[in-house]
Amino acid sequence: MPGLSFVTTDPGSPAAAGMLRAYYNDIVGRYWGRVALPAEVDSAMADEPSEDLQGDSGVLVLGMLDGVPVACGGVRFVDARIGELTRVYVAAEARGAGAGAGLLAYLDGLATVAGLGTLRLTVRSDLVEARRLYARSGFAEVAPFNTEPYAEHWFAKELGVVGVRLALDATGPGA
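To convert, count from 1 in the sequence shown and add 1; that's my numbering.
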C-alpha cells in the first residue's frame with residue numbers, strides 16, 4: 002500500500018489513544034453484534050489497559066497512511082523468547098490493501114530484533130478475517146496457552162528460522 006509507514010508510539014499518545022479506541026469499538030461491537038456503546042468501550046479499555054506496550058514490557062505500533070493513523074498492533078514481551086501480538090487492528094478504509102499483512106510483517110521484524118523466537122496470539126471465533134490474516138502470515142493454530150475469557154483460537158509462529166537457516170548454510174560444511 003503506497004504511503005503506508007509504521008512507527009512505534011507511546012500508548013498514551015493522542016494518535017495511539019484514537020486507534021486503540023477504534024480497535025475496541027470494533028471488537029466490542031462485533032462481540033455484541035451491534036454498535037458498541039461508549040461505556041462498553043470504556044469498560045473494555047479499563048479491563049485491558051495498553052500501558053504495558055512500551056519500554057521493557059512491549060511495543061505499540063501505528064500504521065500511518067500518508068500521515069494519518071489507520072492501523073495499530075502491539076507486541077507484549079512475555080519472557081526473553083516469547084512475545085504476544087495484541088491490539089491488532091486495521092481501520093475499515095485501509096482493509097484489503099495489504100495494511101494488515103504489512104503491520105504483521107513489521108511486528109515480526111521488531112520481535113525478531115528484540116530476540117524473540119516465538120510470537121503467539123489469541124483471537125475470538127467471530128473475527129474470521131483476522132484468523133485468515135494470521136494464517137496467511139505464517140501463524141498456525143496451537144494448543145491453548147492461556148485461559149483468557151475471550152480466547153477461542155490460539156496461534157503461534159516461530160521467528161527467525163529462515164535467517165538462522167541461511168546463516169547456518171553459509172557457515173556450515175562446504176561453505
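Beta carbons: idealized from backbone N, C-alpha and C, even for Gly.
Using the three-state DSSP reduction, which class does residue 70 fall into: helix, strand or coil? By one-based count along the sequence shown, residue 70 stands at place 69. Strand at residue 70.
Residue 10 to residue 152, Cα distance in whole Å? Looking up residue 10 in the sequence shown gives position 9. Looking up residue 152 in the sequence shown gives position 151. The alpha-carbon separation between residue 10 and residue 152 amounts to approximately 26 Å.
In angstroms, rounded to a whole number, what distance separates the CA positions of residue 113 and residue 160? Here residue 113 refers to the residue found at position 112 when the sequence shown is read from its first residue. Here residue 160 refers to the residue found at position 159 when the sequence shown is read from its first residue. Cα-Cα distance, rounded: 6 Å.
By Cβ distance, which residues of its chain are closer than 6 Å to residue 140, with the 5 residues on each side in sequence left out? For this step, residue 140 is matched to residue 139 along the sequence shown. The residues are 156, 158.
Inter-stretch contact at 8 Å, needing at least 3 Cβ pairs: the stretch 96-103 / the stretch 52-61: Contact annotation: the stretch 96-103 does not touch the stretch 52-61, with fewer than three C-beta pairs closer than 8 Å.
Closest residue to residue 136 among 148, 123, 146, 71 (Cα-Cα distance): Position 135 of the sequence shown holds residue 136. Comparing Cα positions, the closest option is 123.
Given a threshold of 16 other Cβ atoms within 10 Å of its Cβ, counted over all protein chains shown, does residue 87 qualify as buried or as exposed? Residue mapping note: residue 87 aligns to position 86 of the sequence shown, counting from 1. Counting the other CB atoms within 10 Å of its CB gives residue 87 a total of 16 or more, which places it among the buried residues.
For residue 45, which residues from the same chain have a beta carbon less than 7 Å from its beta carbon, with the 5 sequence-adjacent residues on both sides left out? As a position in the sequence shown, residue 45 is number 44, starting the count at 1. For residue 45, where only same-chain residues beyond five positions count, the Cβ hits under 7 Å are 25, 29.
For a quick check, are the C-beta atoms of residue 89 and residue 74 less than 7 Å apart? Residue numbering aside, residue 89 sits at position 88 when the sequence shown is read from its first letter. Residue numbering aside, residue 74 sits at position 73 when the sequence shown is read from its first letter. For residue 89 and residue 74, yes; Cβs fall inside 7 Å.
Based on DSSP bridge pairs, tell me the residues matched to residue 62. Sequence index remark: in the sequence shown, residue 62 carries index 61 (1-based). According to DSSP, residue 62 bridges with 9, 74.
Using the rule of at least 16 other Cβ atoms within 10 Å of the residue's Cβ for burial, across every protein chain shown, is residue 59 buried or exposed? As a position in the sequence shown, residue 59 is number 58, starting the count at 1. With 16 or more neighbouring CB atoms inside 10 Å of its own CB, residue 59 falls in the buried class.
N-terminal and C-terminal residue of the alpha helix (DSSP H) that residue 101 is part of: Here the question's residue 101 lines up with position 100 in the sequence shown. Annotation: the continuous alpha helix (DSSP H) that includes residue 101 extends over 100-114.
Just the Cα atoms here: how many angstroms apart are residue 134 and residue 7? As a working mapping, residue 134 is identified with position 133 in the sequence shown. As a working mapping, residue 7 is identified with position 6 in the sequence shown. For residue 134 and residue 7, the distance between alpha carbons rounds to 18 Å.
Is it right to say residue 85 is buried, meaning 16 or more other beta carbons lie within 10 angstroms of its own, or is it exposed? As a first step, residue 85 must be located in the sequence shown, where it is residue number 84. For residue 85, the number of other beta carbons within 10 angstroms of its own is at least 16, and it is reported as buried.
Simplified DSSP assignment, three categories, for residue 56: As a working note, residue 56 is residue 55 in the sequence shown. If DSSP states are grouped into helix, strand and coil, residue 56 belongs with coil.
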